[in-house]
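S.K.: All residue numbers for the sequence shown refer to my numbering, where the first residue is 157 and numbers rise by one.
Glycine residues also receive a C-beta, built at the ideal position from the N, C-alpha and C atoms.
None of the values given here were measured: they were computed from a predicted structure.
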Amino acid sequence: MKDQNKIVWITGTTAGIGKALAVEFANAGHTVICSARRKGKLIQEVKAIEKSGGTAIAMHCDVSKEADVSRTVKNIIKKYGRIDALINNAGVTEFKLFTESTVKDFDNIIGVNLRGAFLCMKAVLPGMIKKKDGQIINILSVAAITTFEYSSIYAASKAGLKAMSEGIRKEIRKYNIKVTNIMPGATISPMWDKDFAERNKKRMMKAEDIARLTLDAFNQPKSLVTEDIVVRPIKGDV
C-alpha cells in the first residue's frame, strides 16, 4: 500500500466515473482536488465528501483552456506544495455518424479529451520530474482500441491519448513517474442517451467499480507500474 495523504488532482469529477473516483480516493485517505466546469455541482460534491469524513477541495477548471489549467496547478501547488497524482478523467462526446458531425463537435471532443489531458500532463510533470516521483492515470475507454459506430471522433480522441501516454511513459519512467491507462467498457454515466442507458443498464458496469480498480492500480508498489487495464462488462461491449 502507498503512504496515505497523497495530493490527487482529478478532472471531471461532477458525475459518473469522475465523481466515483473522488469519493474512492478521499475514502482511502487522500486529499482530492476536484475540478470540473460546473461550479455548483463541484461545491456540492466536496461538501458530500467532507460530510463523509474525507478531504477534498473544489477548483473550477475547463481543461481545454490553458489559462484554466495553469491557474489550477498554481493554486494546488500554493496550497499543498506538490501534486502527487493526476487523474485525467474529464471527457465529452457526441453520438453521431461521422458525416453528421460538425467542426464544432470535433473541436469540443478533441479539445477536452485530448488537448485537455495534454495541458494537464504538461502542467504537472515539471513538479513530478523535480521530485522524481508521481503518477498519471488516464481514464480512457475501450474505444481507444475498439471502434464503434457513432463514435469516430471520440475514438480518435481516446486512441490519441493512449498513444501520447505511451510515448510519455517511455520519456519519464527514468524519473520514477508512472503512467497508467484505464480503458473501461460501457459504464453507467450521464454521457449516455437516457433511453439507451435504461435499456442497457443491467449490462453496464458501475462507476464505483471502475474507481476501485483505479485505486488498486494507484496502490501498486513503487517498483512496478500497471501500464494498461482493459475492463468490460461480463457480457461484452454494449
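(1) By the DSSP assignment, the beta strand (DSSP E) with Pro-340 in it spans what residues?
(2) Would you list, in sequence order, the uninterrupted beta strand (DSSP E) runs of no fewer than 3 residues that lie entirely inside the region 239-308?
(3) Please state the DSSP three-state secondary structure of Ala-184.
(4) Which same chain residues end up closer than 8 Å to Phe-304 when comparing Cβ atoms and leaving out the 5 residues on each side of it in sequence?
(5) For Glu-180, count neighbouring C-beta atoms within 10 Å of its own C-beta (all shown protein chains included) and say buried if the count is 16 or more, exposed if not.
(6) Can you give the Cα-Cα distance for Phe-352 and Ile-338, rounded to whole angstroms?
(7) If you drop the 5 nearest sequence neighbours on each side, which residues of the same chain put their C-beta closer than 7 Å to that of Met-347?
(8) Can you tell me the Cα-Cα spacing of Asp-384 and Leu-242, whole angstroms?
(9) Put Met-157 into one of helix, strand or coil per three-state DSSP.
(10) Can you grab the Cα-Cα spacing for the pair Lys-197 / Asn-332, in whole Å?
M.R.: If we stick to the structure as given:
(1) Within the sequence shown, numbered from 1, the residue matching residue 340 stands at position 184. That run of the beta strand (DSSP E) goes 333-340.
(2) 241-244, 290-295
(3) In the sequence shown, counting from the first residue as 1, residue 184 sits at position 28. Three-state result, Ala-184: coil.
(4) Mapped onto the sequence shown, residue 304 falls at position 148. Correct list, in chain order: Ala-311, Asp-393.
(5) In the sequence shown, counting from the first residue as 1, residue 180 sits at position 24. With 16 or more other Cβ atoms within 10 Å, it is buried.
(6) On the sequence shown, residue 352 is found 196 positions in, with the first residue counted as 1. On the sequence shown, residue 338 is found 182 positions in, with the first residue counted as 1. Rounded to whole angstroms, Phe-352 to Ile-338 spans 24 Å at the Cα level.
(7) Along the sequence shown, read from residue 1 onward, the residue named residue 347 stands at position 191. Closer than 7 Å at Cβ, skipping near neighbours: Gly-172, Thr-249.
(8) Along the sequence shown, one-based indexing puts residue 384 at 228. Along the sequence shown, one-based indexing puts residue 242 at 86. Between Asp-384 and Leu-242, the C-alpha separation is close to 16 Å.
(9) Against the sequence shown, residue 157 aligns to sequence position 1. The predicted position of Met-157 is uncertain, since its pLDDT is 44 and thus under 50; a value taken from the coordinates is nonetheless stated next. Three-state DSSP puts Met-157 in coil, outside helix and strand.
(10) Taking the sequence shown and counting its residues from 1, the one referred to as residue 197 is at position 41. Taking the sequence shown and counting its residues from 1, the one referred to as residue 332 is at position 176. Spanning the two alpha carbons is a distance of roughly 35 Å.
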